[in-house]
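Each residue of the sequence shown is one higher than the one before, counting from -3 in the working numbering. The structure appears right after this line, and notes come after that.
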Amino acid sequence: MPREFTRAERVSDAVQQELAVLIRDNVRDPRVGMLSVTDVDISRDLAYAKIHISFVGERSQDEIDQGITALNGASGYLRKLLASSIKLRITPKLNFFYDETGRRGQHLSALIDLAVSKETPAAAESDSEES
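And the structure:
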(Lines of atoms letter the chains of each structure in order from A and count residues from 1; the text may use other names and numbers.)
(Lines give C-alpha, C1' and ligand atoms only; values in the text may rest on other atoms or scores of the structure.)
Protein backbone atom coordinates (compact mmCIF):
# COMPACT_ATOMS: atom_id res chain seq x y z
CA MET A 1 0.00 0.00 0.00
CA PRO A 2 1.45 3.41 -0.94
CA ARG A 3 2.60 5.69 1.83
CA GLU A 4 0.25 8.55 2.64
CA PHE A 5 1.81 12.00 2.77
CA THR A 6 0.82 14.32 5.59
CA ARG A 7 -0.47 17.79 4.92
CA ALA A 8 2.73 19.26 6.37
CA GLU A 9 4.82 17.26 3.86
CA ARG A 10 2.68 18.40 0.92
CA VAL A 11 2.83 22.03 2.06
CA SER A 12 6.59 21.68 2.61
CA ASP A 13 7.11 20.54 -0.99
CA ALA A 14 4.94 23.36 -2.34
CA VAL A 15 6.75 25.97 -0.22
CA GLN A 16 10.15 24.64 -1.34
CA GLN A 17 9.27 24.91 -5.02
CA GLU A 18 7.62 28.30 -4.71
CA LEU A 19 10.37 29.84 -2.55
CA ALA A 20 13.05 28.80 -5.04
CA VAL A 21 11.23 30.75 -7.74
CA LEU A 22 10.40 33.72 -5.48
CA ILE A 23 13.99 34.11 -4.28
CA ARG A 24 15.35 33.83 -7.81
CA ASP A 25 12.90 36.38 -9.24
CA ASN A 26 12.40 38.87 -6.38
CA VAL A 27 15.45 39.02 -4.11
CA ARG A 28 17.95 41.47 -5.57
CA ASP A 29 20.40 41.55 -2.65
CA PRO A 30 23.93 40.84 -3.98
CA ARG A 31 24.79 38.99 -0.75
CA VAL A 32 22.32 36.26 -1.67
CA GLY A 33 23.48 35.37 -5.18
CA MET A 34 22.64 31.97 -6.65
CA LEU A 35 21.29 29.43 -4.23
CA SER A 36 19.33 26.23 -3.95
CA VAL A 37 16.49 25.53 -1.52
CA THR A 38 17.53 22.05 -0.37
CA ASP A 39 14.82 21.30 2.20
CA VAL A 40 11.87 22.82 4.03
CA ASP A 41 10.76 21.61 7.45
CA ILE A 42 7.30 22.82 8.45
CA SER A 43 5.81 22.51 11.92
CA ARG A 44 2.71 20.37 12.33
CA ASP A 45 0.51 23.45 12.77
CA LEU A 46 2.03 24.99 9.58
CA ALA A 47 3.01 28.15 11.49
CA TYR A 48 6.81 27.87 11.20
CA ALA A 49 9.13 26.79 8.40
CA LYS A 50 12.86 26.07 8.52
CA ILE A 51 14.26 26.71 5.06
CA HIS A 52 17.58 24.96 4.35
CA ILE A 53 19.70 26.80 1.77
CA SER A 54 22.80 25.78 -0.17
CA PHE A 55 24.74 28.41 -2.11
CA VAL A 56 26.09 27.71 -5.60
CA GLY A 57 29.86 28.11 -5.90
CA GLU A 58 32.60 28.57 -3.34
CA ARG A 59 31.89 30.99 -0.51
CA SER A 60 33.68 31.87 2.69
CA GLN A 61 31.91 31.39 6.01
CA ASP A 62 31.50 35.18 6.28
CA GLU A 63 29.80 35.37 2.87
CA ILE A 64 27.51 32.49 3.84
CA ASP A 65 26.56 34.24 7.09
CA GLN A 66 25.85 37.48 5.22
CA GLY A 67 23.66 35.65 2.69
CA ILE A 68 21.64 33.92 5.42
CA THR A 69 21.28 37.25 7.28
CA ALA A 70 20.01 38.90 4.08
CA LEU A 71 17.47 36.11 3.53
CA ASN A 72 16.25 36.27 7.13
CA GLY A 73 15.92 40.05 6.70
CA ALA A 74 13.79 39.51 3.59
CA SER A 75 11.71 36.74 5.20
CA GLY A 76 8.72 39.01 5.82
CA TYR A 77 8.69 40.12 2.19
CA LEU A 78 9.07 36.53 0.98
CA ARG A 79 6.30 35.41 3.34
CA LYS A 80 3.97 38.03 1.83
CA LEU A 81 4.81 36.86 -1.70
CA LEU A 82 4.38 33.24 -0.63
CA ALA A 83 0.95 34.03 0.84
CA SER A 84 -0.20 35.48 -2.48
CA SER A 85 1.03 32.48 -4.48
CA ILE A 86 0.05 29.58 -2.17
CA LYS A 87 -3.40 29.74 -0.67
CA LEU A 88 -3.11 28.70 2.98
CA ARG A 89 -5.04 29.81 6.02
CA ILE A 90 -1.74 30.46 7.81
CA THR A 91 1.42 31.27 5.88
CA PRO A 92 4.40 29.91 7.82
CA LYS A 93 6.99 32.22 9.38
CA LEU A 94 10.22 31.66 7.44
CA ASN A 95 13.61 31.03 9.05
CA PHE A 96 16.61 30.41 6.79
CA PHE A 97 19.52 28.10 7.66
CA TYR A 98 22.65 27.07 5.77
CA ASP A 99 22.67 23.43 4.69
CA GLU A 100 26.21 22.05 5.02
CA THR A 101 25.55 18.58 3.59
CA GLY A 102 27.03 19.44 0.18
CA ARG A 103 30.21 20.85 1.70
CA ARG A 104 30.55 17.86 4.06
CA GLY A 105 29.98 15.46 1.16
CA GLN A 106 32.76 17.07 -0.88
CA HIS A 107 35.11 16.90 2.12
CA LEU A 108 34.37 13.21 2.72
CA SER A 109 34.79 12.43 -0.97
CA ALA A 110 38.20 14.15 -0.95
CA LEU A 111 39.24 12.14 2.12
CA ILE A 112 38.18 8.89 0.45
CA ASP A 113 40.08 9.80 -2.73
CA LEU A 114 43.17 10.59 -0.65
CA ALA A 115 42.96 7.28 1.21
CA VAL A 116 42.53 5.33 -2.03
CA SER A 117 45.47 7.12 -3.68
CA LYS A 118 47.72 6.30 -0.71
CA GLU A 119 46.55 2.68 -0.68
CA THR A 120 47.03 2.03 -4.41
CA PRO A 121 50.87 2.41 -4.53
CA ALA A 122 51.23 0.30 -1.36
CA ALA A 123 49.10 -2.46 -2.89
CA ALA A 124 51.15 -2.37 -6.11
CA GLU A 125 54.41 -2.71 -4.15
CA SER A 126 53.14 -5.71 -2.15
CA ASP A 127 51.96 -7.41 -5.36
CA SER A 128 55.39 -6.94 -6.99
CA GLU A 129 57.18 -8.33 -3.90
CA GLU A 130 55.05 -11.50 -3.96
CA SER A 131 55.98 -12.23 -7.61
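Quick reminder that beta carbons are idealized off the backbone N, C-alpha and C, glycines included.
Next item on the list: Figure out for me which residue from L74, R99, I86 and Q102 has the closest Cα to the Cα of R24.
Entry: Here residue 24 refers to the residue found at position 28 when the sequence shown is read from its first residue. Measuring from the Cα of R24, the nearest candidate turns out to be L74.
Next item on the list: Determine, using beta carbons only, whether L67 and L78 come nearer to each other than 9 Å.
Entry: Within the sequence shown, the letter at position 71 stands for residue 67. Within the sequence shown, the letter at position 82 stands for residue 78. No, the Cβ-Cβ distance between L67 and L78 is not below 9 Å.
Notebook entry, point to check: Over what stretch of residues does the alpha helix (DSSP H) that includes A16 continue unbroken?
Noted result: Mapped onto the sequence shown, residue 16 falls at position 20. Annotation for A16: the continuous alpha helix (DSSP H) segment containing it runs R3 to N22.
Next item on the list: Please classify L90: does DSSP put it in a helix, a strand, or coil?
Entry: One-based indexing of the sequence shown puts residue 90 at position 94. L90: strand per DSSP, three-state reduction.
Note to self: Please classify A45 as buried or exposed, where buried requires at least 16 other C-beta atoms within 10 Å of its C-beta.
What the structure shows: As a working note, residue 45 is residue 49 in the sequence shown. Label assigned to A45: buried.
Check: Which runs of the beta strand (DSSP E), 3 residues or longer, sit entirely within the segment 45 to 112?
Finding: 89 to 94
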